[in-house]
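Q:
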Amino acid sequence: MIYWVLKATLGSLLWAVWRPQVEGLEHVPEGGPAILASNHLAVTDSFFMPLVVKRRVTFIAKEEYFTGTGFKGWFVRTFMNAVGAIPVDRAGGDAATASLDTGKRVLGEGRLFGIYPEGTRSPDGRLYRGKTGVARLALQTGSPVVPVAMLNTGELQPIGRRIPRIGRVKIKFGPPLDFNRYRGLVGDRFIERAVTDEVMDALRALSGQDYVDEYAAKVKERGPGS
Numbered sequence: 017m018i019y020w021v022l023k024a025t026l027g028s029l030l031w032a033v034w035r036p037q038v039e040g041l042e043h044v045p046e047g048g049p050a051i052l053a054s055n056h057l058a059v060t061d062s063f064f065m066p067l068v069v070k071r072r073v074t075f076i077a078k079e080e081y082f083t084g085t086g087f088k089g090w091f092v093r094t095f096m097n098a099v100g101a102i103p104v105d106r107a108g109g110d111a112a113t114a115s116l117d118t119g120k121r122v123l124g125e126g127r128l129f130g131i132y133p134e135g136t137r138s139p140d141g142r143l144y145r146g147k148t149g150v151a152r153l154a155l156q157t158g159s160p161v162v163p164v165a166m167l168n169t170g171e172l173q174p175i176g177r178r179i180p181r182i183g184r185v186k187i188k189f190g191p192p193l194d195f196n197r198y199r200g201l202v203g204d205r206f207i208e209r210a211v212t213d214e215v216m217d218a219l220r221a222l223s224g225q226d227y228v229d230e231y232a233a234k235v236k237e238r239g240p241g242s
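Heads up: the sequence shown is residues 17 to 242, going by my numbering.
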């Protein structure tokens, strides 16, 4: 209930101010499970992507979104909890596994599950190597993967900016990717990497981003200029 109340109230404000321009929304199934796999350029990706989809989207969000302080921390935490976002510990381990298990449950209930395969925001606007969680979910559940390209949210809200600049948000959805040809091969790291790379290639084609075959988290660890 809170999800739809927020979508009707806060969502209406977001629509009025940032006027999302959406292409390919017909690729999101009207019913049944699907994974919405998106690139990640700004914090507000987690606001605008669910906003434009008619169905409810449950998604993984980095753990830091739930631990912020001050008004911004409270607002982001409240929003994430209200829309049913699932915190994930990007360091991996049991927390990440539990989050993916929750994603499997969401898909098993016939719902939409959103995920950022890069695992974190791009540090420089480029598209980085995807983590294989998206492949495991697709192979375990048989759900189609709908690639989603956030086209300009990084320009409207660069890293460090709290409130995005006023401008028209642009989002593009691509045709669903079907990986049922690999059913039964969960756990095969070569297959999981191939599936993930196919998703990332679709995102690269949709977004027009330059691709970097390295994990974004590693680049962030090295710091600016790396």
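Built from N, CA and C at the ideal position, the CB exists for glycine as well. Source: prediction; values computed, not measured.
1. So which of R35, L29 and A50 has the shortest CA-CA distance to P160?
2. DSSP has L26 in a bridge; who is on the other side?
3. Name the residue from A165, V150, I76 and R142 whose alpha carbon lies nearest to the alpha carbon of V228.
4. Under the rule that 16 or more other beta-carbon atoms within 10 Å means buried, what is Q225, buried or exposed?
5. Does DSSP classify A50 as helix, strand or coil?
6. Would I187 and V92 qualify as a contact pair, given that the criterion is a beta-carbon distance under 7 Å?
7. Return the chain-ordered list of same chain residues with a C-beta closer than 6 Å to the C-beta of L172, the five sequence neighbours on each side being excluded.
8. Under the three-state reduction of DSSP, which class applies to Y144: helix, strand or coil?
9. Between the C-alpha atoms of V59 and L29, what's the straight-line distance to the nearest angstrom?
10. Output yes or no for whether 7 Å exceeds the beta carbon distance between F82 and P66.
11. What would DSSP say about A149, mapped onto helix, strand or coil?
12. Could you tell me how far apart the beta carbons of V150 and I131 are, in whole angstroms, since I believe they sit closer than 8 Å?
13. Since P163 is in the beta strand (DSSP E), which residue starts that stretch and which ends it?
14. If F244 sits next to L57, beta carbons under 8 Å apart, how far is it from one beta carbon to the other, in whole angstroms?
15. Confirm, please, whether the CB-CB distance from A77 to S54 is below 7 Å.
16. Can you tell me which residues form a DSSP beta bridge with F129?
17. Give me, in chain order, the residues of the same chain whose beta-carbon lies closer than 8 Å to that of G124; leave out the 5 immediate sequence neighbours on both sides.
A: Put simply:
1. A50
2. Beta-bridge pairing links L26 to no other residue.
3. R142
4. buried
5. strand
6. no
7. P180, R181 and G183
8. strand
9. 17 Å
10. no
11. Checking the sequence shown, residue 149 turns out to be Gly, not Ala. Three-state result, G149: helix.
12. 5 Å
13. V161 to M166
14. The first residue shown for the chain is 17 and the last is 242, placing residue 244 beyond what the model contains.
15. no
16. I51 and T74
17. P49 and T157
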